[in-house]
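My numbering puts the first residue of the sequence shown at 37, with every later residue one more than the last. Yeah, the Cβ is synthetic: ideal placement off N, Cα and C, and Gly gets one too. All figures in this text were calculated on a predicted structure; none of them were measured in a lab.
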Amino acid sequence: MKVAFIGVGHWHAAEFYLPALLKRGVEIVAISDEEQEAVDRIAAEFDLDCPGYTDFRRLLDETEADIVWSSAPHDSMTEIAAELVLREQAFHMEKPMGLDWEMLQPVAARAEQKGVFTSVALVSRYYGVVRRLREMREAGELGAPIHYYYRLFAGSPERYIDAHCPWMLDPVRAGGGPLFNFGPHIIDLFIHLVDDVAEVTARQSDAIRHAQIEDHTTLMLVGRETGAIGVGEISYTIPEGYERYFSVTSDRLHVGGDVGIGDILIRDADNEHVEGMNGLEVYDHYVGDTLDAFASGRQPVATISDMVPVLRVMNAAAESAAVRGTVVLD
């Protein structure tokens, strides 16, 4: 399979995607990044003997690829996605796929209309407990959702400078801090497992770094049909590494702890132990699953249309934090 890679300077390219692609024997036929330094560095690091570009449109003009792997600073993502859909080019894109849901929505609609294969890296859907809860929801076994909670804390964002992505600390390019980095995972799982979002209330803090991007965002989401409450906490507040806690409560069950491995406590019935992926291995799995989905003609784990409502909630959260009020989604 021939793969072209747009945005190789994104830290996920070297950390996750290129190793996973190359070990599956794909042919990298071209790479691009807006920074020539990134093109040269990645070509050398992965011993890529292929054309390199700083203009992604030129790459697309001059390269034939089966599928395009694309990442970019967040403010460039929707433009790239729109061009790929216009060319009816199958592609993967890193989340959040842009900064404004109203700009992304028509791109998603065109992709569906044209039947373009699109995949977005909402990889938390692969975690073991998440997969089982989704199966239960689809089978009508989840019960009526009452409460959802997902905490994802990470270390200092200065690590993105070391990873050659200083734009992650620029709110104009990144959209914000942890809200636009980890927020898609927290919001997507609420929609995926619980309900669409009717109301969003958010508060943010920059008390640690006093920087242009926030250190911490707390979200409260209200389900449209169920009235279920979802609380999400995302931050750059711990010294290093990651800290996660995940829970879902319904009138039938409760699960709390890890997103990948745990016990689903079922009211008036035997509990169920779940084991599955629960760490960064989901990215390697995502690459293989996406390539297989494309080759076999099935749906990937998530599409551009799944990202639109997530980005809408992210935009509402940013608005809520700015005005210190609740935003109601029509």
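What residue range is occupied by the uninterrupted beta strand (DSSP E) comprising proline 181?
Proline 181 -> beta strand (DSSP E) spans 181-190.
Pairs of beta-carbons, one from the region 339-346 and one from the region 153-161, closer than 8 Å: are there three or more?
Yes, the region 339-346 is in contact with the region 153-161.
Outcome for cysteine 201 when other beta-carbon atoms lying within 10 angstroms are tallied against a minimum of 16:
With 16 or more other Cβ atoms within 10 Å, it is buried.
Leaving out the 5 sequence neighbours to the left and right, which residues in its chain are closer than 6 Å to threonine 114 when beta-carbon positions are compared?
The residues are Gly134, Met139 and Leu140.
Based on the DSSP secondary-structure assignment, which residues constitute the bridge partners of threonine 285?
DSSP links threonine 285 through a beta bridge to His183 and His290.
Nearest-angstrom Cα separation, counted from isoleucine 274 out to isoleucine 244:
Rounded to the nearest whole angstrom, the CA to CA distance from isoleucine 244 to isoleucine 274 is 10 Å.
Valine 38 bridges to which residues according to DSSP?
According to the sequence shown, residue 38 is lysine rather than valine. Beta bridge pairing from DSSP links lysine 38 with Glu63.
Please classify isoleucine 23: does DSSP put it in a helix, a strand, or coil?
Nothing can be reported for residue 23: it is not among the residues displayed for the chain, which extend from 37 to 366.
Once you ignore the five residues that flank arginine 260 on each side, which residues in its own chain have a CB closer than 7 Å to its CB?
In the same chain as arginine 260, and ignoring 5 residues on each side of it, the C-beta atoms closer than 7 Å to its own belong to Asp231, Asp232, Val233 and Ala234, in chain order.
Stretch-stretch touch, CB-based, cutoff 8 Å, three pairs: the region 103-114 with the region 74-82
Taking 8 Å as the limit for Cβ pairs, the verdict is that the region 74-82 does not touch the region 103-114.
Contacts around alanine 180, its chain only, beta-carbon distance under 7 Å, and the 5 residues preceding and following it disregarded:
Around alanine 180: Thr262, Ser286 and Asp287.
With contact counted as at least three CB pairs below 8 Å, one residue from each stretch, are the region 163-180 and the region 294-306 in contact?
With a cut-off of 8 Å, the region 294-306 and the region 163-180 count as touching, because enough Cβ pairs lie within range.
Just curious, the alpha helix (DSSP H) that methionine 350 is in, first and last residue?
Bounds of the alpha helix (DSSP H) holding methionine 350 are 340-359.
For arginine 195, three-class secondary structure by DSSP:
In this structure, arginine 195 counts as helix in the three-state DSSP scheme.
Could you pull out every residue in the same chain whose Cβ sits closer than 6 Å to the Cβ of valine 318, ignoring the five residues on either side in sequence?
The residues are Val159 and Tyr162.
Taking only runs that begin and end inside the region 196-255, name each unbroken beta strand (DSSP E) of 3 or more residues, in chain order.
Within the region 196-255, the complete beta strand (DSSP E) runs of at least 3 residues are 233-241.
Closest by C-alpha distance to aspartate 342, when choosing among Ala264, Asp306 and Phe226
Among Ala264, Asp306 and Phe226, the Cα nearest to that of aspartate 342 belongs to Phe226.
Looking at lysine 131: is its Cβ nearer than 8 Å to the Cβ of proline 220?
Yes, Cβ-Cβ distance for lysine 131 and proline 220 is below 8 Å.
Could you please give the first and the last residue of the uninterrupted beta strand (DSSP E) stretch that includes glutamate 71?
Run containing glutamate 71: none; DSSP gives neither H nor E here.
If you reduce the DSSP assignment to three classes, tell me which class leucine 257 lands in.
If DSSP states are grouped into helix, strand and coil, leucine 257 belongs with the strands.
Do asparagine 351 and aspartate 136 have their C-beta atoms closer together than 8 Å?
A contact, by the Cβ cut-off of 8 Å.
Identify which residue in Gly213, Ala305 and Asp91 has its Cα closest to the Cα of alanine 357.
Out of Gly213, Ala305 and Asp91, Gly213 has the C-alpha closest to the C-alpha of alanine 357.
Span of the beta strand (DSSP E) holding methionine 129?
Per DSSP, methionine 129 belongs to the beta strand (DSSP E) from 127-129.
For threonine 326, count neighbouring Cβ atoms within 10 angstroms of its own Cβ and tell me buried if that reaches 16, exposed if not.
Threonine 326 is buried by the Cβ-count criterion.
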